[in-house]
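Take a look at the structure set out below.
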Amino acid sequence: MLGVTGGIAAYKSAILVRHLCNAGAEVQVVLTQGAAQFVTPVTLQALSGRPVRDDLWDPEAEAAMGHIELARWADLILVAPATAHFMAELAQGAAPDLLTTLCLASDAPVLLAPAMNQAMWRDAATQRNAATLAADGKRLIGPAEGEQACGDVGPGRMAEPEALLEAVQAAFLSPRLAALNVLVTAGPTREALDPVRFLSNHSSGKQGYAIAKAAAEAGARVTLVSGPCGLPAPANVECIEVTSALDMHEAVQARAAEQALVIGVAAVADYRPATQALQKIKKDSAGRGAAEPPAIALVENPDIIASVAALPNGPVVVGFAAETENALDNARRKRRRKGLDAIVVNDVSNPKIGFNSDHNAATLIWADGEVELAYQGKETLAASLIQHLANLFFPSSGEGAGAVAKPTPLSVARSGRS
Ligand SMILES: Cc1cc2nc3c(=O)[nH]c(=O)nc-3n(C[C@H](O)[C@H](O)[C@H](O)COP(=O)(O)O)c2cc1C
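Numbering (the numbering used here), first residue to last: 37 to 454.
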C-alpha cells in the first residue's frame, strides 16, 4: 500500500507507483485530502491499475468494513511523501482520515519517507515525532539533503523513488537466506593466447555482483568468485578474483561442498586456446610470413556449473543462460542437460538489457514452473530473483528471524510452487 500525503514531493509518487508495479508489486494507493491537491487520483489509478482510495467515509467501501480489509491486505505500507502533519498524527496514534486509520489498523510494517521544508524537518516537534515513530518500529527512509522546492537548501527532500523501491525490496528480503552459504560466480573469464592477448566476452559482471549483494542483504554468507570486471566487491561479500575458466573452476570446486546455493552468473568461456605462447606471438613468428595469420586451436573448458550440479548431495545450483534466439526453449533444454535446479534466461539480443546494461529482464525456470522477472534495474531484479530462490528452495529459512514482512513474492509465478 502506498500512502501519499500533502507535500510537494507527491508528484514523485507517480514514478514510485511505476517502479513498484514494474517490480511486480500490486499497489493500492491511498491519498490524503492534502495529497489530492498535488496529484490527481486519476493519474495514480491509471498507473497502479486500481481505484485510488481517499475517503474513510466512503459508504460503498465501508459496507464491508473496507478500511479493515485494506489494512489486512497490505504486506507493507509505504508513505511517500510523509508530511510533518501526517507524522505528527501517526506519532500520536490519531486516526482522523483513511491513511492514518489504515496505518493504525494494520500489522504490516510501515516505511515512511519524510519530505518537507528543512525548517519544518528541524523543528523540535517534528524531530520528537520522528523519534517516537522510529521507537514505535516505523522505518524512516531519508529525508535526503539538498535543494528544496521552496528554494531552501538542507535536509527535508524526499528520498528518490529508486531508493524507496530498494527499501521496499529489502524489507521483503532481509532474513530469507539467513546463515546459508551462497556462492555466486560473476563476470567474464579471460583465456590467454600469450602474455598480452586473451579471448574473452562482453560480460560486465553487474548482474552477478548485484545478485551477490542481494544474497548478502538476504542474510546469506556470500562468496563471490569473479572474473576480471573492475567492480568493487559488495559489502559483506567475500570476493575471490580469478582470471581464466580453469581458475574459476578450481575456486568453485574447492568451495562447492560447503554451499547451500551456487548461482553461476559468470560468462565462462566455453573454449580456451590449446596452447599459451610463453612469449608474445609475433606477426612473422614460427616460420610464418607476416601475411599468414596464425591458426588458434581451441580446447573445451570444464563446465563449472554442471560439475557442481553433478556433486552427490551438492548445493542447489542455478545457472544463467544468455540467449540470442529461442531463449526459453534453449534455456529449458540447457537446465535439463546440465542437471540444474533452476536457470535464469535473458535475451541478450535485446540492446536494452543484458551485457553492460544497467537493466535486465529475465525468466526464471525450474523443474515445475517459470516466472518472468520484468524489465527493471539489475539490482532490483537481483533482489527479486533471490526472493524467488529463497521461496522455492529454502522456504523455511529465516522465518522468525526478524522478518519485517510476509515473504510474498513481488512477482507472480505462472505455475509451480512459488
Ligand atoms: C504548496 C504547498 C506545499 C507543501 N509542501 C509540504 C511538504 O513538502 N511537506 C509537508 O510536511 N507539508 C507541506 N505542506 C503543508 C501540508 O500540505 C499541510 O500540513 C497539510 O495539512 C498536510 O496534510 P496531510 O498530511 O493530511 O496530507 C505544503 C503546503 C502547500 C500549500
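A virtual CB, placed ideally from N, CA and C, is assigned to each residue, including glycine.
If we count Cβ pairs, one from each stretch, closer than 8 Å, do we get three or more for the stretch 184-191 versus the stretch 239-250?
-> no
Taking all protein chains shown into account, decide if Ile332 is buried (16 or more other Cβ within 10 angstroms of its Cβ) or exposed.
-> exposed
Where Leu428 and Leu421 are concerned, what is the direct C-alpha to C-alpha distance, given to the nearest angstrom?
-> 10 Å
Hey, is His121 close to ligand 1, as in C-beta under 7 Å from one of its heavy atoms?
-> yes
Chain B beta carbons: is any one of them nearer than 8 Å to that of Thr41?
-> You won't find chain B in this structure, because it holds only one protein chain.
Taking the alpha helix (DSSP H) that Pro95 falls in, what are its first and last residues?
-> 95-98
Taking only heavy atoms of ligand 1 into account, decide whether any of them is closer than 7 Å to the Cβ of Thr360.
-> no
From Leu114, Val288, Ala296, residue whose alpha carbon lies closest to that of Glu202 = Leu114
Check Glu328 in the structure and name its three-state DSSP category.
-> coil
Ile113 Cβ short of 7 Å to ligand 1 heavy atom set | no
Is Asn455 helix, strand or coil by DSSP?
-> Since the first residue shown for the chain is 37 and the last is 454, residue 455 is missing from the structure and cannot be characterised.
Short Cβ contact (8 Å threshold) for Thr225 with Ala305 = yes
Applying the criterion that 16 or more other CB atoms from any shown protein chain within 10 Å of the CB defines a buried residue, is Pro431 buried or exposed?
-> exposed
Buried versus exposed call for Gly43 [16 or more other C-beta atoms within 10 Å across all chains shown] = buried
Would you identify the three-state DSSP class for Ala308, choosing helix, strand or coil?
-> The sequence shown places Arg at residue 308, rather than the Ala named in the question. Arg308 falls in the strand class under three-state DSSP.
How long is the line joining the alpha carbons of Pro445 and Arg108, rounded to whole angstroms?
-> With a pLDDT of 35 at Pro445, under the threshold of 50, the modelled position of this residue cannot be trusted; read the value that follows with caution. Distance between the alpha carbons of Pro445 and Arg108 is about 17 Å.
Might you give, ordered along the chain, the residues of its own chain that have their beta carbon closer than 6 Å to the beta carbon of Gln295, omitting 5 neighbours on each side?
-> Asn217, Leu219, Pro351
Name the residue from Ala141, Gln184, Lys249 whose alpha carbon lies nearest to the alpha carbon of Leu260.
-> Lys249
Of all the alpha helix (DSSP H) runs that stay within the bounds of the stretch 215-297, which reach a length of 4 or more residues?
-> 242-253, 281-292
Alpha carbon to alpha carbon, how far is Gly85 from Ala46?
-> 18 Å
Are the beta-carbon atoms belonging to Asn382 and Ala397 less than 8 Å from one another?
-> yes
Taking 7 Å as the line, does the beta carbon of Met37 fall inside it for any heavy atom of ligand 1?
-> no
Would you decide whether Ala171 is buried or exposed? Buried here means 16 or more other CB atoms lie within 10 Å of its CB.
-> exposed
Helix, strand or coil for Ile177 per DSSP?
-> coil
From Asp359 to Glu286, what does the alpha carbon distance come to, in whole angstroms?
-> The question names Asp, but residue 359 in the sequence shown is Glu. Cα to Cα, the separation comes out at about 26 Å.
Heavy atom of ligand 1 less than 7 Å from the Cβ of Gln64, yes or no?
-> no
Is DSSP giving Val301 helix, strand or coil here?
-> coil
Terminal residues of the beta strand (DSSP E) in which Ala357 lies | 352-359
Does DSSP put Asp159 in a helix, a strand or coil?
-> coil
Evaluate Lys48 with the Cβ neighbour count: other Cβ atoms within 10 Å of its Cβ, from every protein chain shown; 16 or more gives buried, anything less gives exposed.
-> buried
Closer than 7 Å: is that where the CB of Ala367 sits relative to any heavy atom of ligand 3?
-> Among the ligands modelled here, namely ligand 1, ligand 3 does not occur.
Quick one, are the C-beta atoms of Val40 and Leu83 less than 8 Å apart?
-> no
Determine the direct distance from the alpha carbon of Trp93 to that of Ala449, and round the result to whole angstroms.
-> For Ala449, the predicted structure reports a pLDDT of 33, less than 50, and the residue's modelled location is therefore unreliable. A value from the coordinates is still provided. Approximately 36 Å between the Cα atoms of the pair.
Would you call Leu409 buried or exposed, if buried means 16 or more other Cβ atoms sit within 10 Å of its Cβ?
-> buried
With DSSP as the reference, label Gly452 as helix, strand or coil.
-> In this prediction, Gly452 scores a pLDDT of 32, lower than 50, which makes its location untrustworthy; no coordinate-derived value is stated.
Check Gln64 in the structure and name its three-state DSSP category.
-> coil
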